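Undergrad:
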Amino acid sequence: MPDATGLELIANEVREKEGAQAVVETVFFREHATLEVAPEKVGPVLELLRERGYSFMASLHGCDYYPQEPRLGVLYELLDMSAVDRITVKARVSTEDPHIPSVTERWPTADHQERETYDMFGVVFDGHPDLRRILMPEDYEGHPQRRDFPVGGEPVIFTFNEGPPTRGPR
Amino acid sequence: MKRDPLGPVDPANLRVRELNSHQLLRGGELLGANAPAHLGGADLERHVEERVLTTTLDKAVAWARSNSFFPATFGLACCAIEMMSIVAARVDVARFGFEAFRASPRQADLLILSGRVSIKMAPIVRRIYDQMLEPKWAISMGACCSSMGVFNNYALVPSDKFMPIDVHVPGCPPRPEALMHGVLKLRKMVQDDPDMGWRERYGAQGTEEVLAGPQTAAAVNLAVEGDTAGA
Amino acid sequence: MSEYRRREQSITLSPLAEQVEGQEESLTQELLTLNFGPHHPATHGVLRLLVTLRGEIVQDIKPIIGYVHTGIEKTAEDKSYWKAIPVVERMDYLAYHFNSMAYVGAVETLLDVQVPKRAQYLRVIHLELNRIMSHLVWLGTSALDLGAISMFWYCFREREKILDLFEMSTGQRMHTRYMQVGGVAEDIPPGFAQKLRSLLDEMPGRIDQYGDLLNSNEIVLQRLRGTCPLDAQTLLSLGVTGPLLRAAGNPWDLRKAAPYCSYEDFDFKIPVGTVGDNYDRYAVRLAEMYESTKIISQALEGLPEGPHITEDRKVALPPRHELATSMEALIHHFKLVTEGFRVPPGEVYYPLEGPRGEYGCFVRSDGSSKPARVHMRDPSFVNLQAFSHMARGAYIADMIATLAMLDPVLGGIDR
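Residue numbers (the working numbering), protein chains in the order written: chain E, -13 to 156; chain V, 255 to 485; chain L, 236 to 650.
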């Protein structure tokens, strides 16, 4: 893992290359480094990390930080296979303007995973070749994994709310 | 010891009666002292009962149907692995005659819904069930399709909502023995009550969809010239 | 035509530059898009493939998934950390111990809880048994797809023995909820070690039998050798891990690279392929079964004494006999069962090496007793993206063989 100082060095490098607004926050929690960046700088930051050795994207997923704003976060888990090092890059967007540039072109593994994040959270990835719903039916409305989307389901039948027995096989 | 309720038996007489019984069933000439005395009435009935297995045609057909379910290969999720286990050697479904899993629903008569039915899959399950020929039965295997199971949420549909289910097998996943128990219960159900058609079983007459009038729009699966996209 | 149908027809295909060469007659060839529907005997679950064919040669494959999407991640947010374990376990239904281990590992990292050594060894035993079981199901169903139907019964015979062991230690054959936060649910009963030893004694012989049946089989060789190879660089860019990557020559295995849960105590090898075709994928998984037996026998021999779950009563339930005598135990039990333990806020990603690749569990905690976000990075979901790259330019039968060797588990793909 890049330790806390290593993380700060990476953050400084990003600030130098992409501007001081690129890095929003650095978090070092339980021996793991997270770098939060501005959404529009995600592509360049990932390329910078790729040059530093983090060439494998293990996971791309979303998270809803309701009620904190900006609500929707997209997390990129990167892995450096030769040094066995992991780092997380986080970008947060709001629900009013949930656009973030897609990284599918340079990281082909992001294809299905960005579609899933779009499906579940509503984050629109600009530049994605085929942004459609992947897990829910194509004409589904709503983004299920947002925190304000109800869990749904059927009411559990107890004695107080059971109706007349439905017709079963004779 | 009473062997013959009709009284003490003269062996020679018995032999003649036996020969006559063969002739009786074949429609041939009767022999010996009994000719032309045929067995009649209660004697004939008792005679036939002792020697011939009788049944109604319904019951025979129901017996045959119940002992030769052709399940459709319809594994959805975890329960599918336990359904594969009943085909495997320990709980051997071939003992009962149900090992012929047919891939095509047209050839299957038992749909074992094994696994969670999501909202994307539910119309497809219904379509497969509709494609099966009468008489057909359905077993809902596992908690997820019988009720909502472990996951009571937006993504699942309990199978009772869109198709008639005959046997629900609880479990998550049900042991292969439990599924076997469910299938055998269905077998007993079919044996005892030889009903044709799920619409009679569930009182669903009148739910047939009849398209009114001549059909003007092209069917969904008609091939259009030059069109190769989509499915 | 409904809006849905219209949009469905607008799925773009990859650019096709191939023309039919050397044809004097104006033989027009059309591309056929075939739908391998979700209900299909060879798709290992409810996977829908839109296959574009030129004759019998596959031009492009578009997988459509979501037919067994269960909203597991959303349901897990609704339950306390302890009660979410059985929910998360049911994602990849052939690797249930791995699912729960990833989730439990993430929660333990958040809580900063130490797992006793005995619990770690028991976890390793069950994880490796699950790996063998998953590979057995893969082998049985893949051989079934290729036509070697009797392999199905042999593999499931061994699988029944492993499930007997799971039933001995936990009471359930599948989805055992064995992994708990801080350790394992129960210690192994007497008789378990003996039964496990007898299984380990006969397992290598059985794997030899499977090898004898398939390794030099003419049909298997023709169908698997040289079909649908993909190089390691493309696989890495697509995010593929696990036996697929190892078959292509890259020996990446988290058990050796970043050992977790006492894997560094065991001596085992990583089988690696050379070409990355279907035969290598098959051979790598077969060899992994041998290695897993070695790991389990080492873990069983070296099983240390000790508690099977952490002694921290704020996280793990107290043993039942204490409830009758100790008031504190009763209060802890009550609190843990009703509300559950609270986890300090933070985010953690916990990866481990499962039978299909890297299972990672991302857990975000907001300080309450329910997780705020649980995400499983499922390897089958990411590996499926490589499928169209692998099967391009191959025949349909090769595509089916590749799908079998890909080992997708739709529960993990759709979650």
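C-beta atoms are modelled at their ideal positions from N, C-alpha and C, and glycine is treated no differently. In this text the structure is predicted, and so the values were computed from the model without any measurement.
My understanding is that L381 (chain L) touches V293 (chain L), with C-beta atoms under 8 Å, so please give their C-beta distance in whole angstroms.
TA: Incorrect: roughly 17 Å between the Cβ atoms, too far for contact.
Undergrad: Please report how far the alpha carbon of E4 (chain E) lies from the alpha carbon of E582 (chain L), in whole angstroms.
TA: Approximately 26 Å between the Cα atoms of the pair.
Undergrad: Applying the 10 Å Cβ sphere with the 16-neighbour rule, what's the burial state of E336 (chain V)?
TA: Classification for E336 (chain V): buried.
Undergrad: Smallest Cα separation from P351 (chain L): which of L:L282, L:L448, L:V416?
TA: Closest option to P351 (chain L), Cα to Cα, is L:V416.
Undergrad: Kindly identify the DSSP beta-bridge partner or partners of W391 (chain V).
TA: V:L364, per the DSSP bridge assignment.
Undergrad: Ends of the alpha helix (DSSP H) at Y456 (chain V)?
TA: No alpha helix (DSSP H) contains Y456 (chain V), which DSSP labels as neither H nor E.
Undergrad: How many whole angstroms separate the CB atoms of A334 (chain V) and L365 (chain V), which I take to be in contact at a CB cut-off of 8 Å?
TA: That pair is no contact at about 13 Å.
Undergrad: Could you check which residue in V:L268, V:A357, V:K415, V:S372 has the C-alpha nearest to that of A326 (chain V)?
TA: Per the Cα distances, V:A357.
Undergrad: At a CB-CB cut-off below 7 Å, which residues of chain L make contact with P130 (chain E)?
TA: In chain order: G306, K309.
Undergrad: Does the beta carbon of G139 (chain E) sit closer than 7 Å to a beta carbon anywhere in chain V?
TA: True, the Cβ-Cβ gap to chain V drops below 7 Å.
Undergrad: Comparing alpha-carbon positions, which option in V:S339, V:K313, V:V315 lies nearest P430 (chain V)?
TA: When each option's Cα is compared against that of P430 (chain V), the closest is V:S339.
Undergrad: Using the rule of at least 16 other Cβ atoms within 10 Å of the residue's Cβ for burial, across every protein chain shown, is L267 (chain L) buried or exposed?
TA: The residue is exposed, with fewer than 16 neighbouring Cβ atoms inside 10 Å.
Undergrad: How should S459 (chain V) be labelled, buried or exposed, when 16 other C-beta atoms within 10 angstroms of its C-beta is the threshold for buried?
TA: One point to set straight first is that residue 459 (chain V) is Gln, not Ser, in the sequence displayed. Burial call: exposed.
Undergrad: Since V609 (chain L) and E324 (chain L) should fall inside the 8 Å C-beta cutoff, what is the C-beta to C-beta distance between them, to a whole number of angstroms?
TA: About 12 Å separates the two Cβ atoms, so there is no contact after all.
Undergrad: Any beta-carbon of chain V closer than 7 Å to the one on A316 (chain L)?
TA: Note that residue 316 (chain L) is Tyr in the sequence shown here, rather than Ala. Answer no: the Cβ-Cβ gap between Y316 (chain L) and chain V never drops below 7 Å.
Undergrad: Hey, out of E:M67, E:C49, E:T74, whose CA is closest to E312 (chain L)'s CA?
TA: Nearest option by C-alpha distance: E:C49.
Undergrad: By a C-beta neighbour count over all protein chains shown, 10 Å radius and 16 as the cutoff for buried, is F391 (chain L) buried or exposed?
TA: Burial call: buried.
Undergrad: Is the beta carbon of S615 (chain L) less than 7 Å from the beta carbon of I648 (chain L)?
TA: Yes, the Cβ-Cβ distance between S615 (chain L) and I648 (chain L) is below 7 Å.
Undergrad: What residues from the stretch 571 to 589 of chain L come within 8 Å of chain E, judged by C-beta to C-beta, listed N to C?
TA: Those would be G581, E582, V583, Y584, P586, in chain order.
Undergrad: Would you kindly work out how many angstroms separate the C-alpha atoms of T528 (chain L) and E437 (chain L), rounded to a whole number?
TA: If you take the alpha carbons of T528 (chain L) and E437 (chain L), they lie about 10 Å apart.
Undergrad: Quick one: is T376 (chain L) buried, meaning 16 or more other Cβ sit within 10 Å of its Cβ, or exposed?
TA: Burial call: buried.
Undergrad: Let me see if you follow: with CB-CB separation under 7 Å, is E395 (chain L) close to chain V or not?
TA: So yes, E395 (chain L) belongs to the interface.
Undergrad: What's the C-alpha gap between M386 (chain V) and E540 (chain L)?
TA: Approximately 58 Å between the Cα atoms of the pair.
Undergrad: Leaving out five residues before and five after R1 (chain E) in sequence, what residues of the same chain have Cβ atoms less than 8 Å from its Cβ?
TA: The answer, listed in chain order, is A8, V9.
Undergrad: Return helix, strand or coil for G418 (chain L), following the three-state DSSP convention.
TA: DSSP places G418 (chain L) in strand when its eight states are reduced to three.
Undergrad: Is it buried or exposed for P377 (chain V), if we count other Cβ within 10 angstroms and need 16 for buried?
TA: The residue is exposed, with fewer than 16 neighbouring Cβ atoms inside 10 Å.
Undergrad: If you follow the alpha helix (DSSP H) that F333 (chain L) is part of, which residue opens it and which one closes it?
TA: Where F333 (chain L) is concerned, the enclosing alpha helix (DSSP H) stretches over 331 to 346.
Undergrad: Which bits of chain L does D112 (chain E) rub up against, with CB to CB less than 9 Å?
TA: Those do not exist, as D112 (chain E) stays about 17 Å from chain L at its closest Cβ, beyond 9 Å.
Undergrad: Output yes if chain E places a C-beta closer than 7 Å to the C-beta of K374 (chain V); else output no.
TA: Yes, its Cβ sits closer than 7 Å to a Cβ of chain E.
Undergrad: To which residues of the same chain is K442 (chain V) closer than 8 Å at the C-beta, ignoring the five residues directly before and after it?
TA: Closer than 8 Å at the Cβ level, and outside the excluded window around K442 (chain V), lie S320.
Undergrad: Any idea what DSSP makes of K549 (chain L), helix, strand or coil?
TA: If DSSP states are grouped into helix, strand and coil, K549 (chain L) belongs with coil.
Undergrad: Measuring alpha carbon to alpha carbon, tell me which of E:L58, E:P94, E:R57 ends up nearest N29 (chain E).
TA: For the record, residue 29 (chain E) in the displayed sequence is Gly; it is not Asn. Among E:L58, E:P94, E:R57, the Cα nearest to that of G29 (chain E) is on E:P94.
Undergrad: Since I believe M326 (chain L) is in contact with M414 (chain L) (beta carbons under 8 Å), could you give me their beta-carbon distance rounded to a whole number of angstroms?
TA: With a Cβ gap of about 13 Å, M414 (chain L) and M326 (chain L) do not count as contacting.
Undergrad: List the whole-angstrom C-beta distance separating R520 (chain L) from I505 (chain L), where the pair is believed to meet the contact cut-off of C-beta under 8 Å.
TA: The pair is not a contact, with the Cβ atoms about 12 Å apart (cut-off 8 Å).
Undergrad: Can you confirm whether V617 (chain L), when its beta carbon is compared against all beta carbons of chain E, has any partner nearer than 7 Å?
TA: Yes, V617 (chain L) counts as interfacial toward chain E.
Undergrad: Can you name, in chain order, every residue of its own chain whose Cβ lies under 7 Å from the Cβ of F352 (chain V), other than the five neighbours on each side?
TA: Excluding residues within five positions, the ones whose Cβ falls inside 7 Å are F323, P325, V437.
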